[in-house]
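Heads up, the thing below is written out as structure tokens.
Numbering (our numbering), first residue to last: 327 to 1448.
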């Protein structure tokens, strides 16, 4: 293997170690809760003593009860008539309007036409039914449990369980629900379920529906297809008699929110359509049918969801029937009553006469159970007959709550016997409340006075409700059982990996005899592999002793081999270089620049700040502060001293002062700092940042008032100018350097494909800004054609540059007479390589005459031979990312280009000034330039973090731009193509990570062509000189990549540590867990593209070596044909 390949293998080893660390920690941090496979039936009987009982059997006997030795627990805690005790309806219509926020259902009479919002008062049918039939209708604030993604909410709405945080990752790949759920219970009770709408239900409940009309749900740009499809089937199916439950899942409101947000007129039109639909359904109900209209979640002010802000959690629920639902007849529209979404499951189950799903944790809606079943059981009739009639509603409500409590207690006892997760002291208190409630319930069998009956019923009701709400809250707080062993192993491994990476880097750089570099690397790689193989059998042996703990087994199988590999590498370093002595350490510290110590201190501050929720919330501002500080320190500590020494001012002439190197670098610094400040205008707000005004850049142009042409035009022009400038500047620079004089496919792509891509992009934005009614009339292929052209041209450009990375051009330098005699008349720009081989024979014959006049052919583009191909790839990817970011954030990419160029110029000037002392030994100066200091890489990493926020993102799920998944596609992806929108959304989210990882080699290459403040560029200088130092180039590039990985590795370590320390923090799932997840995914994205950039530079170098070898052979042959 070549040196570059061996170094790449070490980089892969480092990447794999970090990957294993992340995987192990994540396995311990984001565990799914235990799913109990049990199914409920129509009876509940608790046969075993609870694991949380605080009393002995003797203490649990209430006054007048029989001896517990003569009566089993099951005879006390049981009920056999769940399915008939509270049944009131044979049919139900469930209308799920996706993203139906609670305030969409309200009617505000104070609003007038001048100040009304688009979504206000668009569902007047709700107010009409509440006013007209107050005893037959109920309105609730329907509180969702995060994460507020559709699939997780559907699970909660059907199982009654609490979805865990990690389930959010399954939103795009729905799996069949195996837990007991209301759909299973309906089918088990031989009830026919008809479904229509979002096809997610089909994947969750396979083969459960008697009749189904699914519609693709993934295309958020399509507001009408699903809803119109449901409308075609809804009323005809309602008029049939072959169904018991009808479910209709409308998507238009949710898609309208994603596309336009709730403040667009399209939202009003969609809600008006829903109002008409609700009115028709309500009119067609019979007396035996229950109507439920509800949302699975809400939406933010930008139309997004997935997090836990109030707007996302507060959905709406409207319950309606043509027979009385409650005792009270007075309903106030402005009275806010809140229930949890999982409360719907036990309520609906009892009203339809089916068992409550086994895993349900919801508490039924009490006011729905004060009338009782239409056909009451004889036992209930007897019990009610001994009670005064005024206590009947209260007793019926208590009985329903008892059924609910028995079901939850059975689930809690079963779960606790399988997984010891719940805190004993809290669970024991809840157990005591349940026991007290049961005691009061059994006391009602005795001969009690009227006052005692009231006390018993009210007391039991209150105890049951406290028990149910307490269990729900306990599960919500303690659901995730953290695997502390896996989390600790993950943290230990990432610390060990970072340490080993630093040691290996110093080992590679410290090999003094460059001829033995490959030999040492062979030994290092061998030790890594040997350490892993040696430890693996031991890990297998350990796991064989661990039973039924798959998570721990996986952790051990991965942790010990990885640790063995690290130990093998450290052992190799110690064997080769020995243990560093105290003088060696002292010398290492002394030769380390002060700027590097400052950068390390700032990195420590950055990592420590990630443990504070306030700093994480305002990380966008923290990053800007650290970036400006680091660059300012670079200027003050390194720049001024080196630049002053470079050229002394001999006069007070203002012109000389203004053009002095210190002044020039100062201009660069000021321009850079201004760019950093301007970037703040592109930042968006997260929920916790108060006060903060949300940026309009998140919204597409079609959202804004078409009459406001000035704003729309200015924004569109800024986007177009930014995109066109990027490709224009690249073409201008490469043309100046001579890289575009040839006719290779890559140079043709730069000349024509990039400008054409820019043209297609701003045409696409123009088309997408058309009014919805015009845009939707266009065929689907026309709406996506321009974006697909961008994808196609991008692919062609990247393949061409990888295939032929050398952007160079050769000219034969001969006298005019010789060129004419050989048929090479014309301009000097005419290339000679295709003709050179055709004239070899004639050149040989005339060699004796030509030998005196022969000159080596001139080659254009060698000065930027490495950076040219890299710049083409970067700009090509940048144009692709711009179409995904949209016209709002496209100018941020233009700003990124300017800021990066200023930084590169600033660093190049300071670096060359620092190394001016080696000007007498040019070769030593070139070698020093290949050693990129740590403080420069630190600033580069901070810019990557900065532009993550500048491109409109935060480490929160609501900030994900899901609309990017449909750029160039009309949606409706089959399951096997879900990776396409996933890649597009990921590219949008981590655009900055991608660009800075790909651009990283420019930090090393730039000073070879730029940064000269006093000397002129020599024809013999430039990046081509790196070919004479191939070994140093590879080691310098390896150092650059490793230090950049270490920067992100330390950031990831900070996120891991904060997530582990704050695992019981109130904000763990809102702030710390999303920060860790985003940083983990971003770390993998960075690894991928920085390794690709490394390989691209190596391929360019290898191709250059082959080209030079061929060129020298030709020249030698022409000089000496013998």
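By construction, the Cβ of each residue, glycine as well, lies at the ideal position given by its N, Cα and C atoms. Nothing here was measured: the structure is a model prediction, and the numbers come from that model.
Could you tell me which of 926, 1248 and 508 sits nearest to residue 1351, measuring between CA atoms? Selected option, being the one with the closest Cα: 1248.
Taking the alpha carbon of residue 1206 as the reference point, which residue from 1287, 1230, 1084 and 1193 has its own alpha carbon closest? When C-alpha distances from residue 1206 are compared across 1287, 1230, 1084 and 1193, the shortest belongs to 1084.
To test your reading of the DSSP string, which unbroken alpha helix (DSSP H) runs of 4 or more residues are found completely within the segment 425–494? Listed in chain order, they are 428–431, 450–458 and 476–485.
Determine, using beta-carbon pairs with one atom in the segment 921–937 and one in the segment 858–865, whether at least three such pairs fall under 8 Å. Touching, no.
CA-CA distance, residue 1379 and residue 812? In a straight line, the C-alpha of residue 1379 is about 15 Å away from that of residue 812.
If I measure Cβ to Cβ from residue 854 and keep anything under 7 Å in the same chain, skipping five residues before and after, which residues do I get? Only 339, 891, 894 and 895 meet the Cβ criterion.
Terminal residues of the beta strand (DSSP E) in which residue 575 lies: For residue 575, the enclosing beta strand (DSSP E) begins and ends at 571–576.
Going by C-alpha to C-alpha distance, which of 1398, 1360, 1377 and 1435 sits closest to residue 1410? Answer by Cα proximity: 1377.
What three-state label does DSSP hand residue 538 in the structure shown? Three-state result, residue 538: strand.
So residue 522 is in the beta strand (DSSP E); what residue range does that whole segment cover? Residue 522 -> beta strand (DSSP E) spans 519–524.
If you compare alpha carbons, which of 1090, 1013 and 724 is closest to residue 1284? Considering only alpha carbons, the answer is 1013.
Along the chain, which unbroken stretches of the alpha helix (DSSP H) at least 4 residues long are found entirely within the segment 1377–1433? Taking only runs of at least 4 residues, no alpha helix (DSSP H) segment lies wholly in the segment 1377–1433.
The beta strand (DSSP E) that contains residue 645, what's its start and end? Residue 645 -> beta strand (DSSP E) spans 640–647.
Going by C-alpha to C-alpha distance, which of 1065, 731, 943 and 528 sits closest to residue 681? Considering only alpha carbons, the answer is 731.
Whole angstroms are fine: how far does the CA of residue 1109 sit from the CA of residue 1293? Each residue's alpha carbon lies about 9 Å from the other.
Spatially closest choice to residue 672 from 864, 719, 485 and 552, by CA coordinates: The residue with the shortest Cα to Cα distance from residue 672 is 485.
Do the CB positions of residue 506 and residue 365 come within less than 9 Å of each other? For residue 506 and residue 365, yes; Cβs fall inside 9 Å.
Return the Cβ separation of residue 521 and residue 1420 in integer angstroms, given the expectation that the two are a contact with Cβ distance under 8 Å. Not confirmed; about 52 Å, so no contact.
Rounded C-alpha distance that separates residue 735 from residue 555: Residue 735 and residue 555 have their C-alpha atoms roughly 42 Å apart.
Does DSSP classify residue 620 as helix, strand or coil? Residue 620 carries a strand assignment under DSSP once its states are collapsed to helix, strand and coil.
Apply the 10 Å Cβ neighbour rule to residue 692 and answer buried if 16 or more other Cβ atoms are within range, or exposed otherwise. Residue 692 should be labelled buried.
If you pair each beta-carbon of the segment 1065–1080 with each one of the segment 1228–1245, do three or more pairs fall below 8 Å? The answer is no - the segment 1228–1245 does not touch the segment 1065–1080, with fewer than three Cβ pairs under 8 Å.
Terminal residues of the continuous alpha helix (DSSP H) containing residue 1203? Here the alpha helix (DSSP H) through residue 1203 covers 1191–1211.
Between residue 1082 and chain B, is any beta-carbon pair separated by less than 9 Å? Annotation note: the requested chain B is absent from the structure, which comprises a single protein chain.
Can you give the Cα-Cα distance for residue 846 and residue 835, rounded to whole angstroms? Their backbone Cα atoms lie some 11 Å apart in a straight line.
Expressed to the nearest angstrom, what Euclidean distance is found between the alpha-carbon atoms of residue 1398 and residue 779? Just so you know, the alpha carbons of residue 1398 and residue 779 end up roughly 51 Å apart.
Below 8 Å, can you find three or more Cβ-Cβ pairs linking the segment 1300–1320 to the segment 988–995? No contact exists between the segment 1300–1320 and the segment 988–995.
Count Cβ pairs between the segment 639–656 and the segment 410–429 that sit closer than 8 Å; are there 3 or more? Yes, since at least three Cβ pairs between the segment 639–656 and the segment 410–429 fall closer than 8 Å, the two stretches touch.
Between residue 1417 and residue 1367, is the Cβ-Cβ spacing less than 9 Å? A Cβ-Cβ contact shorter than 9 Å links residue 1417 with residue 1367.
Who are the near neighbours of residue 1436 in its chain, counting only those whose CB is closer than 8 Å to its CB and skipping five residues on each side? The answer is none, since no qualifying residue turns up.
From the DSSP output, in three-state form, read off residue 718 for me. In the structure shown, residue 718 sits in a helix (DSSP, three-state: H, G or I).
Three or more C-beta pairs below 8 Å linking the segment 577–586 and the segment 527–547: As far as the Cβ criterion goes, the segment 577–586 touches the segment 527–547, which means the pair count is three or higher.
On the three-state DSSP scale, how would you describe residue 922? In this structure, residue 922 counts as helix in the three-state DSSP scheme.
Quick check on residue 1136: does DSSP put it in helix, strand or coil? Residue 1136: strand per DSSP, three-state reduction.
With a CB to CB cut of under 7 Å and the five nearest residues on each side skipped, what residues in its chain are close to residue 1361? Once the five neighbours on either side are set aside, the close Cβ partners of residue 1361 are 834 and 835.
Can you look up residue 390 in the DSSP assignment and give me helix, strand or coil? At residue 390, the pLDDT of 38 sits below 50, so the modelled position is not reliable and the matter cannot be decided from this model.
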